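Okay, structure first, notes after.
Numbering (this note's numbering), first residue to last: 1391 to 1597.
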């Protein structure tokens, strides 16, 4: 999953506060994110970006500041309470000075009101769609007056596409199979696990 995000994450090339980020061109998802954010910012909109990995948050924060020349806020599980509220208030001003907020998935799942965003990105997929939905709901709170667009990034032919397919296939049986947790993973047989982790040759070179 880390390789799908950016090879630099899997290779531990990410350093907190780094000013010169790894090349975005090494990651199809990062390249596409920059393209979409460029259009979003040009329209005067704001975006939330969720990742389950704190290190990926550091990498994206540095990369997006460098590529877009805009302030990028980052809220994660280690953010002190007072700083957390300061980041939320800064984003919620909606004056265009801090139009992008990165949030670690677990830190942003509940208790935040981020209605200044009308675009939500899930940069990597979680095993349980309920966790993603809780994060998305940060932008759907009372006070949201605009349509919120949700974007879920998936690398074709990889583990991520398999996760997406399995969650979609089982959506009608979510309560029995997925429920509120990830226990459905333990119910997969050996062949299903092998298929989950196999890179599909027909998608090599595609994003």
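Using N, Cα and C, we set each Cβ at its ideal position, and we do this for glycine too. Small disclaimer: the values here were computed from a predicted structure and weren't measured.
Worksheet entry | Status (buried if at least 16 other CB within 10 Å, exposed otherwise) for residue 1465 | buried
Worksheet item: Who are the near neighbours of residue 1570 in its chain, counting only those whose CB is closer than 7 Å to its CB and skipping five residues on each side?
Response: With a pLDDT of 48 at residue 1570, under the threshold of 50, the modelled position of this residue cannot be trusted; read the value that follows with caution. Taken in chain order, the residues that qualify are 1520.
Worksheet entry | Anticipated Cβ contact below 8 Å, residue 1482 with residue 1446, distance rounded | The Cβ separation is near 24 Å, so there is no contact.
Worksheet item: Mapping DSSP to helix, strand and coil, what is residue 1452?
Response: helix
Worksheet entry | Those residues which DSSP pairs with residue 1437 across a bridge | 1490 and 1509
Discussion item. Helix, strand or coil, according to DSSP, for residue 1470 in the structure here?
Written reply: coil
Worksheet item: Under the three-state reduction of DSSP, which class applies to residue 1540: helix, strand or coil?
Response: strand
Discussion item. Considering Cα atoms alone, identify which of 1472, 1478 and 1509 is closest to residue 1502.
Written reply: 1478
Worksheet item: Given residue 1486, which residues of its chain have a CB within under 6 Å of its CB, disregarding the five upstream and five downstream residues?
Response: none
Item to complete: Pair every Cβ in the segment 1427-1443 with every Cβ in the segment 1487-1498, then say whether three or more of these pairs are closer than 8 Å.
Response: yes
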